[in-house]
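Using this note's numbering, count along the sequence shown one by one with no gaps and you end on 456.
Think of the CB as a built atom: it goes at the ideal place given N, C-alpha and C, for glycine as much as any other residue.
Please read the structure below before turning to the comments.
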Amino acid sequence: MLAVAVRASLLGGLVALGAGAPVRTALEQMVAQAGLPVWLQPTVVVALGALALGVAGEVLAFPFVCRAEWLLARRYGQSRERFAAWWGAHARTALWTSVSWMLAAVVVYVAIGLSATRWWLVVGAAFAAGTVAVALLGPLLLRPALRARPLGRPELAARLEALARRAGAPVVGVHEWPEGPASRPNAALVGVGAARRVLLSDTMVADYSDAEIEVVLAHELAHHLHRDIWKTIAFRAAVVCAAGWVGQRVLADLGPVLGLHGAADAAGLPALALCAGGVTMAVLPAANLLSRRHERRADRFALDVTGNHEAFVSGLRRMGTEHLAEERPSRLVKWCFYSHPPVAERVAEARRHRARPRGESPRRGVAARP
Ligand SMILES: [Zn+2]
Numbered sequence: 087m088l089a090v091a092v093r094a095s096l097l098g099g100l101v102a103l104g105a106g107a108p109v110r111t112a113l114e115q116m117v118a119q120a121g122l123p124v125w126l127q128p129t130v131v132v133a134l135g136a137l138a139l140g141v142a143g144e145v146l147a148f149p150f151v152c153r154a155e156w157l158l159a160r161r162y163g164q165s166r167e168r169f170a171a172w173w174g175a176h177a178r179t180a181l182w183t184s185v186s187w188m189l190a191a192v193v194v195y196v197a198i199g200l201s202a203t204r205w206w207l208v209v210g211a212a213f214a215a216g217t218v219a220v221a222l223l224g225p226l227l228l229r230p231a232l233r234a235r236p237l238g239r240p241e242l243a244a245r246l247e248a249l250a251r252r253a254g255a256p257v258v259g260v261h262e263w264p265e266g267p268a269s270r271p272n273a274a275l276v277g278v279g280a281a282r283r284v285l286l287s288d289t290m291v292a293d294y295s296d297a298e299i300e301v302v303l304a305h306e307l308a309h310h311l312h313r314d315i316w317k318t319i320a321f322r323a324a325v326v327c328a329a330g331w332v333g334q335r336v337l338a339d340l341g342p343v344l345g346l347h348g349a350a351d352a353a354g355l356p357a358l359a360l361c362a363g364g365v366t367m368a369v370l371p372a373a374n375l376l377s378r379r380h381e382r383r384a385d386r387f388a389l390d391v392t393g394n395h396e397a398f399v400s401g402l403r404r405m406g407t408e409h410l411a412e413e414r415p416s417r418l419v420k421w422c423f424y425s426h427p428p429v430a431e432r433v434a435e436a437r438r439h440r441a442r443p444r445g446e447s448p449r450r451g452v453a454a455r456p
């Protein structure tokens, strides 16, 4: 949260000081001196401006991210990762994040070039198309998928494949990917159609019981069967459209005050980024509410198909501890920041599920293990 506040302060400060225009002029001079083709120069100015904003945000947020992701995990014995290793991985992620912001800014300014008043619709459509492509192809191209090897525990693999068949989502194999002792346990169902497979991190294979892994996978299968990812993409595309619309209004109304030469002026980047961040934060409670509904339904499904409440609760508690999750956050914290229901709520829901008479749940008895 502090990292978000620092990034927002950076953008707010740049907008308040009117720093967009002088930075844009400096970048324009630099790009012109580099001898780039004239038609390419505005795009490169936007790209460099966005990259500079992204990198500055990462640098300012670093102390807070370091404390939350590395220091606390070590202090509470959840990670033995050395600082250099953590920093290397973090720097790579931060660089990729900054490059994604750069590409997003270029897409926005290309869209503004197409229509100065309706560009936010073009940006929403481009976001939806991009995320659908990543959802379909990304998991198979990611490093974990490429480094994965068939699971060395044939009994567990057969059990998980049988579970996927019972749940109506047959898979072509269960694979393990080496992440090393520093990583947190993870399981995922990736790919589509004939390429669909289950990936388990080696830390999960080493530390979790077969029953616990089975319940975790059942939960992931539920997301897949209920098409939660597509609903999430549709919601996010709507948020991107809304953020773009707000940005378009701000540029139209405040452009002259900020010293902008029209909507396509790269000096408006900090104001646009601030609008995007503001709208994203404003809809966060609604996004989390939708996500928690998906998670609750996935939990119910996992309990229905496995019938194994003990493994569900023990796996959940272990994951909660490993991810340093707060078991009982305040209502405000839950609404603002919890994409999953708190552990205590999920455990209580599992107990209610067990106490419910058999037959009350439509899938129970059909799919439950003996
Ligand atoms: Zn989930």
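Pair within 8 angstroms by beta-carbon distance, residue i and residue j
| i | j | result |
| --- | --- | --- |
| residue 323 | residue 214 | yes |
| residue 357 | residue 337 | yes |
| residue 413 | residue 429 | yes |
| residue 209 | residue 193 | yes |
| residue 384 | residue 305 | yes |
| residue 427 | residue 386 | no |
| residue 402 | residue 432 | yes |
Residue i burial status per 10 Å Cβ neighbour count (16 or more: buried)
| i | result |
| --- | --- |
| residue 360 | buried |
| residue 334 | buried |
| residue 379 | exposed |
| residue 271 | buried |
| residue 162 | exposed |
| residue 351 | buried |
| residue 439 | buried |
| residue 355 | buried |
| residue 423 | exposed |
| residue 417 | exposed |
| residue 263 | buried |
| residue 287 | buried |
| residue 290 | buried |
| residue 320 | exposed |
| residue 200 | exposed |
| residue 392 | buried |
| residue 241 | exposed |
| residue 87 | exposed |
| residue 448 | Residue confidence is low: residue 448 scores 44 on pLDDT, short of 50, so the model does not pin down where it sits. No coordinate-derived value is stated. |
| residue 257 | buried |
Separation of residue j from residue i, as counted between CA atoms
| i | j | result |
| --- | --- | --- |
| residue 172 | residue 408 | 17 angstroms |
| residue 259 | residue 308 | 18 angstroms |
| residue 395 | residue 220 | 34 angstroms |
| residue 143 | residue 106 | 15 angstroms |
| residue 238 | residue 248 | 17 angstroms |
| residue 127 | residue 390 | 58 angstroms |
| residue 195 | residue 348 | 12 angstroms |
| residue 130 | residue 137 | 10 angstroms |
| residue 103 | residue 112 | 16 angstroms |
| residue 121 | residue 115 | 10 angstroms |
| residue 339 | residue 117 | 29 angstroms |
| residue 450 | residue 234 | In this predicted model, residue 450 has a pLDDT of only 42, less than 50, meaning its place in the structure is not dependable; the value taken from the coordinates is given anyway. Roughly 33 angstroms separates the two Cα atoms. |
| residue 124 | residue 190 | 22 angstroms |
| residue 77 | residue 250 | Any answer about residue 77 is impossible in this case: the structure gives the chain only from 87 up to 456. |
| residue 108 | residue 202 | 23 angstroms |
| residue 179 | residue 93 | 17 angstroms |
| residue 177 | residue 318 | 28 angstroms |
Cβ-Cβ separation, residue j to residue i (assumed contact under 8 angstroms), whole Å
| i | j | result |
| --- | --- | --- |
| residue 365 | residue 329 | 4 angstroms |
| residue 303 | residue 284 | 6 angstroms |
| residue 245 | residue 293 | Contact flag wrong, Cβ pair sits at about 17 angstroms. |
| residue 110 | residue 353 | 4 angstroms |
| residue 490 | residue 167 | Since the first residue shown for the chain is 87 and the last is 456, residue 490 is missing from the structure and cannot be characterised. |
| residue 187 | residue 140 | 4 angstroms |
| residue 97 | residue 363 | 7 angstroms |
| residue 299 | residue 273 | 7 angstroms |
| residue 151 | residue 89 | 5 angstroms |
| residue 371 | residue 331 | About 20 angstroms separates the two Cβ atoms, so there is no contact after all. |
N-terminal and C-terminal residue of the alpha helix (DSSP H) that residue i is part of
| i | result |
| --- | --- |
| residue 377 | 355-392 |
| residue 262 | It is not in any alpha helix (DSSP H) - residue 262 instead sits in the beta strand (DSSP E) that spans 260-263. |
Chain C contact for residue i (CB, 8 angstroms cutoff)
| i | result |
| --- | --- |
| residue 249 | The structure shown contains no chain C, having only a single protein chain. |
Segment limits, beta strand (DSSP E) that includes residue i
| i | result |
| --- | --- |
| residue 276 | 273-276 |
| residue 337 | Here residue 337 belongs to no beta strand (DSSP E); instead the alpha helix (DSSP H) covers 314-344. |
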